[in-house]
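Asker:
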DNA sequence: GCCAACGTTGGC
DNA sequence: GCCAACGTTGGC
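In this note's numbering, the protein residues as written are 923 to 1062.
In structure tokens form, the structure reads like this:
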């Protein structure tokens, strides 16, 4: 792990917490993650890292961009002390959502963690994947 | 609503 | 420590 820019993807059910709600709130504590792999990724986040915000459920798609505003701290809702939370703030919505089916259809995105392990709620994104997603979403 | 993937739990 | 059973997530 060097000091290069890092990119991540976080997943949320829009019925539970949507990108629009993140925008309305101006930021959010990203807590409640109870998976060790996802927690490891949360611990890797640094302030300023950029985040793809993905809606799971019906019409799964990357819908917006966010930024890490606070690094990992103990999840207040976790009595075990094993899990952590971060804080993120909205940057902007994608001009158009990039759907999971589009991602799957592209050979250069087929290795994305979201494709390979659909249940992982926090995952790293490579710089190449990041640029490709932003291109598809007409951002940048 | 169904099913696959995968994490967790608990009996042994 | 192994593994079967079970629960949850998420795509379709």
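From the three backbone atoms N, C-alpha and C, an ideal C-beta is built for every residue, glycine too.
Just so it is clear, the structure is predicted and the values come from calculations on it, not from any experiment.
Any idea what DSSP makes of residue 989, helix, strand or coil?
Answerer: Three-state result, residue 989: strand.
Asker: What is the rounded straight-line gap between the Cα of residue 964 and the Cα of residue 996?
Answerer: When rounded, the distance between both Cα atoms is 11 Å.
Asker: Considering only the alpha carbon of each residue, which of 1018, 1008 and 1036 lies closest to residue 950?
Answerer: For residue 950, the nearest C-alpha among the options comes from 1008.
Asker: Starting from the C-beta of residue 979, find all residues in its chain whose C-beta is less than 8 Å away, skip the five residues before and the five after it, and write them out in chain order.
Answerer: Contacts found: 935, 936 and 937.
Asker: If you follow the alpha helix (DSSP H) that residue 1049 is part of, which residue opens it and which one closes it?
Answerer: Unbroken alpha helix (DSSP H) run through residue 1049: 1049-1058.
Asker: May I have a chain-ordered list of the beta strand (DSSP E) segments no shorter than 3 residues that lie completely inside the region 1003-1033?
Answerer: For the region 1003-1033, whole beta strand (DSSP E) runs of length 3 or above, ordered along the chain, are 1006-1021.
Asker: Enumerate in chain order the residues of its own chain whose CB-to-CB distance from residue 1050 is below 8 Å, with the five nearest sequence positions on each side excluded.
Answerer: Only 1030 meet the Cβ criterion.
Asker: Tell me which residue opens and which closes the alpha helix (DSSP H) that residue 944 is part of.
Answerer: Here the alpha helix (DSSP H) through residue 944 covers 941-947.
Asker: To the nearest angstrom, how far is it from the Cα of residue 1057 to the Cα of residue 1032?
Answerer: Going by the C-alpha atoms only, they are around 16 Å apart.
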